[in-house]
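Here the structure is laid out as structure tokens; the discussion comes afterwards.
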Amino acid sequence: MTDLIENTRVLLASRPHGEPTADNFRFETTPAPTPGEGEVLLRTIYLSLDPYMRGRMSEAESYAAPVELGAVMEGGTVAEVVESQDDSLAPGDIVLAHLGWQQYGVQPARHVRRIDPARAPVSTAVGVLGMPGFAAYAGLLEIGRPQPGETVVVAAAAGPVGSAVGQIARIKGARAVGIAGGAEKTAYLREIGFDAALDHRSPTFEDDLRAAVPDGIDVYFENVGGHVWDAVLPLLNVHARVPLCGVVAHYNDTELPPGPDRSALLPRTILTKSLTIRGFIQAEFVKTHYKTFQQEASGWVADGTLQYREDVVAGLENAPEAFSGLLTGKNFGKLLVQVGDDPTL
Ligand SMILES: NC(=O)c1ccc[n+]([C@@H]2O[C@H](COP(=O)([O-])OP(=O)(O)OC[C@H]3O[C@@H](n4cnc5c(N)ncnc54)[C@H](OP(=O)(O)O)[C@@H]3O)[C@@H](O)[C@H]2O)c1
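Oh and the sequence shown: position 108 is 208 in this note's numbering, straight run, nothing missing.
Below, the structure is given as structure tokens:
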């Protein structure tokens with residue numbers, strides 16, 4: 101049966117220099133693979149596009165191996181079981197899988213996780229109730245440790261990580277200040293309960309930020325780096341905590357930014373303000389925090405305390421362009437590619 105199914109997939113054709121372009125990807129169509137004992141054939145419904153994929157396109161040393169040239173681009177997916185050679189899953193089940201940028205794929209059944217469509221829309225399994233939501237939850241609570249009345253600042257605040265950080269900070273009784281690109285995104289942040297929202301593209305951004313944090317910054321959840329970090333650093337309070345989750349402003353960098361070398365400023369500031377700056381990859385917290393996250397975040401989503409927004413692009417053929425846009429702020433909310441029909445809608 102499966103040899104009749106055609107599978108379109110997106111391969112890494114070349115490594116980008118700077119911003120990824122269409123030339124870095126190649127489309128091909130092959131027969132869908134056949135599942136063996138203990139495996140399932142899956143059909144992709146949603147492909148999650150995430151900033152970490154830029155790192156996988158590059159050969160630079162990182163916490164995970166790069167995608168090989170000619171291999172399918174990596175990525176988290178929400179998928180439907182088409183054929184099962186394992187008792188634990190049946191056709192029609194919806195699962196979280198790591199199929200990558202393709203319409204079909206085979207996975208061992210033990211590597212996928214069943215999604216309950218009654219809990220929340222299934223797309224949230226790669227968004228607010230998935231990896232980005234978890235990075236926000238674990239990084240903020242374990243490293244940021246916001247206390248009632250403290251000020252938490254987060255950038256890329258309209259994205260899945262940032263929007264969850266701000267809302268969870270408020271759940272914990274802190275004041276949430278969000279930084280995002282443009283008036284539409286900052287208006288959205290106010291709508292979902294951020295105490296203040298600032299546009300990092302505004303010429304008055306530095307002054308706006310200073311005015312928005314009259315008591316300084318106790319927790320800065322770092323998602324971007326660049327000029328936002330420069331504006332935040334002088335406003336950090338003594339004993340401030342900085343969960344360093346990502347530096348998306350630098351993922352396309354090919355060389356150091358121009359200007360004077362200010363690298364000595366950072367250790368001096370860390371010392372004089374007794375700062376805690378701690379990088380993390382969410383996977384390190386899975387064993388200790390994932391279960392609690394699922395319970396708490398599902399409850400918050402269900403009762404409306406944790407709101408989310410999705411930016412759904414139709415068609416796998418549009419994935420490369422949508423991905424480039426993610427690195428420059430063209431997305432508004434969790435970026436997903438709808439690769440196939442969602443039977444739960
Ligand atoms: N450590 C981990 O385990 C982990 C896990 C998940 C994600 N992350 C990181 O978390 C961050 C957010 O991820 P996400 O999935 O929620 O992405 P996202 O916010 O949906 O997308 C990235 C956003 O970054 C902003 N941005 C891009 N260039 C910028 C610049 N030069 N200055 C300021 N903002 C800029 C853009 O928003 P604006 O339009 O608002 O500028 C863009 O929409 C990324 O750095 C990602 O790598 C880390």
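From the three backbone atoms N, C-alpha and C, an ideal C-beta is built for every residue, glycine too. All values reported here derive from a predicted model rather than from experimental measurement.
| said: For the structure I just gave you, are there three or more beta carbon pairs, one from the stretch 349-358 and one from the stretch 134-146, closer than 8 Å? | reply: When Cβ pairs closer than 8 Å are counted between the two stretches, the stretch 349-358 is seen not to touch the stretch 134-146, the count staying below three.
| field | Closer than 6 Å: Gly281 CB and nearest ligand 1 heavy atom | value | Here residue 281 refers to the residue found at position 181 of the sequence shown. Yes, ligand 1 has a heavy atom inside 6 Å of this Cβ.
| query | How would you call Leu366, buried or exposed, if buried means at least 16 neighbouring beta carbons within 10 angstroms? | reply | Within the sequence shown, numbered from 1, the residue matching residue 366 stands at position 266. Exposure of Leu366 is indicated by the presence of fewer than 16 other C-beta atoms within 10 angstroms of its C-beta.
| said: Quick check on this structure: which residue in Pro343, Phe432 and Phe125 has the alpha carbon closest to the alpha carbon of Glu242? | reply: Position 142 of the sequence shown holds residue 242. Out of Pro343, Phe432 and Phe125, Pro343 has the C-alpha closest to the C-alpha of Glu242.
| request: State yes or no: is the C-beta of Gly281 within less than 7 Å of the C-beta of Arg301? | output: Reading the sequence shown from its first residue, position 181 is the one you call residue 281. Reading the sequence shown from its first residue, position 201 is the one you call residue 301. Yes, these two residues count as a Cβ contact at 7 Å.
| said: Using C-beta distances below 7 Å, list every residue in its chain close to Gly136, excluding the 5 sequence neighbours before and after it, in chain order. | reply: The residue labelled residue 136 in the question sits at position 36 within the sequence shown. Taken in chain order, the residues that qualify are Gln185.
| query | When the Cα atoms are used, what is the spatial distance from Arg126 to Leu111? | reply | Taking the sequence shown and counting its residues from 1, one reaches residue 126 at position 26. Taking the sequence shown and counting its residues from 1, one reaches residue 111 at position 11. In a straight line, the C-alpha of Arg126 is about 5 Å away from that of Leu111.
| query | For Gly262, which three-state DSSP category applies? | reply | Against the sequence shown, residue 262 aligns to sequence position 162. Here Gly262 sits in helix by DSSP.
| query | Is Tyr152 near ligand 1, judged by its Cβ being under 6 Å from some heavy atom? | reply | The residue given as residue 152 occupies position 52 in the sequence shown. The answer is yes for Tyr152.
| field | DSSP state of Leu111 mapped onto helix, strand, coil | value | Here residue 111 is taken as the residue at index 11 of the sequence shown, counted from 1. Here Leu111 sits in strand by DSSP.
| query | Using 8 Å as the threshold, is the stretch 202-218 in touch with the stretch 270-285, meaning 3 or more CB pairs across them? | reply | Taking one beta carbon from each stretch, the stretch 202-218 and the stretch 270-285 have fewer than 3 pairs nearer than 8 Å; the two do not touch.
| field | Check: His300 C-beta below 6 Å from any heavy atom of ligand 1 | value | Along the sequence shown, read from residue 1 onward, the residue named residue 300 stands at position 200. Checking every heavy atom of ligand 1 against the Cβ of His300, one is found closer than 6 Å.
| In three-state DSSP terms, what is Ser223? | As a working note, residue 223 is residue 123 in the sequence shown. Helix.
| Near Val324, which residues of its chain fall below 6 Å by C-beta distance, leaving aside the five closest residues on each side in sequence? | Within the sequence shown, numbered from 1, the residue matching residue 324 stands at position 224. Cβ neighbours of Val324 beyond the five flanking positions: Ala255, Ala256, Val348 and Ala349.
| said: Assuming the contact rule is C-beta atoms closer than 8 Å, Met157 and Pro120 should be a hit. Round their C-beta distance to whole Å, please. | reply: As a working mapping, residue 157 is identified with position 57 in the sequence shown. As a working mapping, residue 120 is identified with position 20 in the sequence shown. At roughly 6 Å, the Cβ-Cβ gap stays under 8 Å, so Met157 and Pro120 are in contact.
| Which residues bound the alpha helix (DSSP H) around Ser398? | The count along the sequence shown starts at 1 and reaches residue 398 at position 298. Run containing Ser398: Val386 to Asp403, per the alpha helix (DSSP H) assignment.
| task | Compute the beta-carbon to beta-carbon distance between Ala312 and Ala296, rounded to the nearest angstrom, for a pair I have assumed lies under 8 Å. | result | On the sequence shown, residue 312 is found 212 positions in, with the first residue counted as 1. On the sequence shown, residue 296 is found 196 positions in, with the first residue counted as 1. Confirmed, about 4 Å.
| task | Examine the Cβ distances between the stretch 233-247 and the stretch 258-268 and report whether three or more of them are shorter than 8 Å. | result | These segments touch.
| field | Same chain only: Cβ atoms within 7 Å of His117, ignoring 5 sequence neighbours per side | value | Residue numbering aside, residue 117 sits at position 17 when the sequence shown is read from its first letter. The residues are Thr354.
| message | Can you tell me whether Leu240 sits near ligand 1, meaning its C-beta is under 6 Å from at least one heavy atom of the ligand? | response | As a working note, residue 240 is residue 140 in the sequence shown. Using a cutoff of 6 Å, the CB of Leu240 does not count as near ligand 1, since none of the ligand's heavy atoms is closer than that.
| said: Looking only at its chain, what residues have a beta carbon closer than 6 Å to the beta carbon of Gly273, apart from the 5 residues adjacent to it on each side? | reply: Counting from 1 along the sequence shown, the entry for residue 273 is found at position 173. For Gly273, same chain residues with a beta-carbon under 6 Å away, outside a window of 5 residues either side, are Pro248 in chain order.
| request: Return the chain-ordered list of same chain residues with a C-beta closer than 8 Å to the C-beta of Thr444, the five sequence neighbours on each side being excluded. | output: Position 344 of the sequence shown, counting from 1, holds the residue named residue 444. So the list reads Ile194, Pro217, Pro221 and Val222, once near-sequence residues are dropped.
| task | Identify which residue in Lys430, Pro191 and Glu322 has its Cα closest to the Cα of Leu240. | result | Along the sequence shown, one-based indexing puts residue 240 at 140. That would be Glu322, whose Cα lies nearest to the Cα of Leu240.
| task | Pull up the DSSP beta-bridge partners for Tyr146, would you. | result | Looking up residue 146 in the sequence shown gives position 46. DSSP output for Tyr146 lists Val178 and Gln438 as bridge partner(s).
| query | If you scan the stretch 289-366 from start to end, which runs of the beta strand (DSSP E) of 3 or more residues do you find wholly inside it? | reply | 296-299, 317-321 and 336-344
| message | I need the straight-line Cα distance from Val206 to Thr108, nearest angstrom please. | response | Counting from one through the sequence shown, the residue named residue 206 turns up at place 106. Counting from one through the sequence shown, the residue named residue 108 turns up at place 8. Between Val206 and Thr108, the C-alpha separation is close to 14 Å.
| field | Rounded separation between Met101 and Glu128 - CA only | value | Translated into positions along the sequence shown, residue 101 becomes position 1. Translated into positions along the sequence shown, residue 128 becomes position 28. Bear in mind that the predicted position of Met101 carries a pLDDT of just 49, short of 50, making it unreliable; the figure below should be weighed with that in mind. Cα to Cα, Met101 sits roughly 21 Å from Glu128.
| Got a sec? Which residues, its chain only, sit under 7 Å from Pro151 by beta carbon, not counting five neighbours each side? | For the purposes of this step, residue 151 is taken as residue 51 along the sequence shown, with counting starting at 1. Closer than 7 Å at Cβ, skipping near neighbours: Gly346, Val348, Tyr351, Leu426 and Leu427.
| request: Compare the beta carbon distance of Ser398 and Arg154 with 7 Å and say whether it is the shorter of the two. | output: Here residue 398 is taken as the residue at index 298 of the sequence shown, counted from 1. Here residue 154 is taken as the residue at index 54 of the sequence shown, counted from 1. Result no, Cβ atoms of Ser398 and Arg154 do not sit closer than 7 Å.
| Taking the alpha carbon of Leu416 as the point to measure from, which residue in Leu436, Gly404 and Tyr408 has its own alpha carbon closest? | Position 316 of the sequence shown, counting from 1, holds the residue named residue 416. Checked all of Leu436, Gly404 and Tyr408; the closest Cα to Leu416 is Leu436.
| Would you say Ala238 and Gln382 are within 7 Å of each other, going by their C-beta atoms? | Locating residue 238 in the sequence shown gives position 138, counting from the first residue. Locating residue 382 in the sequence shown gives position 282, counting from the first residue. Yes, the Cβ-Cβ distance between Ala238 and Gln382 is below 7 Å.
| Just curious, the beta strand (DSSP E) that Gly278 is in, first and last residue? | Reading the sequence shown from its first residue, position 178 is the one you call residue 278. First-last of the beta strand (DSSP E) with Gly278: Arg275 to Ala280.
| field | Anticipated Cβ contact below 8 Å, Gly176 with Val226, distance rounded | value | As a position in the sequence shown, residue 176 is number 76, starting the count at 1. As a position in the sequence shown, residue 226 is number 126, starting the count at 1. Correct: roughly 5 Å between the Cβ atoms.
| query | Can the beta-carbon of Glu306 be found less than 7 Å from the beta-carbon of Ala331? | reply | Your numbering for residue 306 matches position 206 in the sequence shown. Your numbering for residue 331 matches position 231 in the sequence shown. Yes, Cβ-Cβ distance for Glu306 and Ala331 is below 7 Å.
| query | Is there at least one non-hydrogen atom of ligand 1 closer than 6 Å to the beta-carbon of Pro191? | reply | Sequence index remark: in the sequence shown, residue 191 carries index 91 (1-based). For ligand 1, not one heavy atom lies less than 6 Å from the Cβ of Pro191.
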